[in-house]
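Asker:
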Amino acid sequence: MTEGLTSIHDAAPLAREVLSALTDRWPDSAMLLPGALPFLAGSATDRDFVHTIQYLNDHGFISYDAMVLGADPEPRVIGALITRRGQHLLGLIDKVSC
């Protein structure tokens, strides 16, 4: 990884919460909603959620089948899975946070 954890947090502010939620469901896929993220229910903004999902997917940390925007009160990601690279990133985030 060429980026530091600080820059990842800036680009993907909910990375830890998204990766943790997917780790809890692994190897099964999950539907993600901003209001259902652990520890942040009600405080995650839709913009932060969408930016985080796009960043994590673009950099190979997660994969998903579909992102639905505008059809429901909040965005949702369907069929999300954490990748091995995402598991490694979560380990680094957890290690730095201790």
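Per the working numbering, the sequence shown starts with residue 895, numbered consecutively.
A virtual CB, placed ideally from N, CA and C, is assigned to each residue, including glycine.
Going by DSSP, name the residue or residues bridged to Met961.
Answerer: DSSP, once it has assigned bridges, lists Val971 as partnering Met961.
Asker: On the DSSP letters alone, give me the boundaries of the alpha helix (DSSP H) that Leu926 sits inside.
Answerer: Element bounds for Leu926: not the alpha helix (DSSP H) but the beta strand (DSSP E), 924–926.
Asker: For Gln981 versus Thr939, is the C-beta spacing smaller than 8 Å?
Answerer: The answer is no: Cβ separation not under 8 Å.
Asker: What does the Cβ neighbour count give for Leu926, buried or exposed, with the cut at 16 atoms within 10 Å?
Answerer: Result: buried.
Asker: To the nearest angstrom, report how far apart Gly929 and Thr946 are at their CA atoms.
Answerer: Distance between the alpha carbons of Gly929 and Thr946: 14 Å.
Asker: When we look at the beta-carbon of Ile956 and count the other beta-carbons within 10 Å, is it buried (16 or more) or exposed?
Answerer: Under this definition Ile956 is a buried residue.
Asker: By a C-beta neighbour count over all protein chains shown, 10 Å radius and 16 as the cutoff for buried, is Leu960 buried or exposed?
Answerer: Reading off the sequence shown, one finds Ala at residue 960, where the question assumed Leu. Answer is exposed; the Cβ neighbour count stays below 16.
Asker: Give the single residue among Lys989, His953, Arg941, Leu975 whose Cα lies nearest to the Cα of Gly964.
Answerer: Nearest option by C-alpha distance: Arg941.
Asker: In angstroms, rounded to a whole number, what distance separates the CA positions of Leu913 and Asp966?
Answerer: Cα-Cα distance, rounded: 23 Å.
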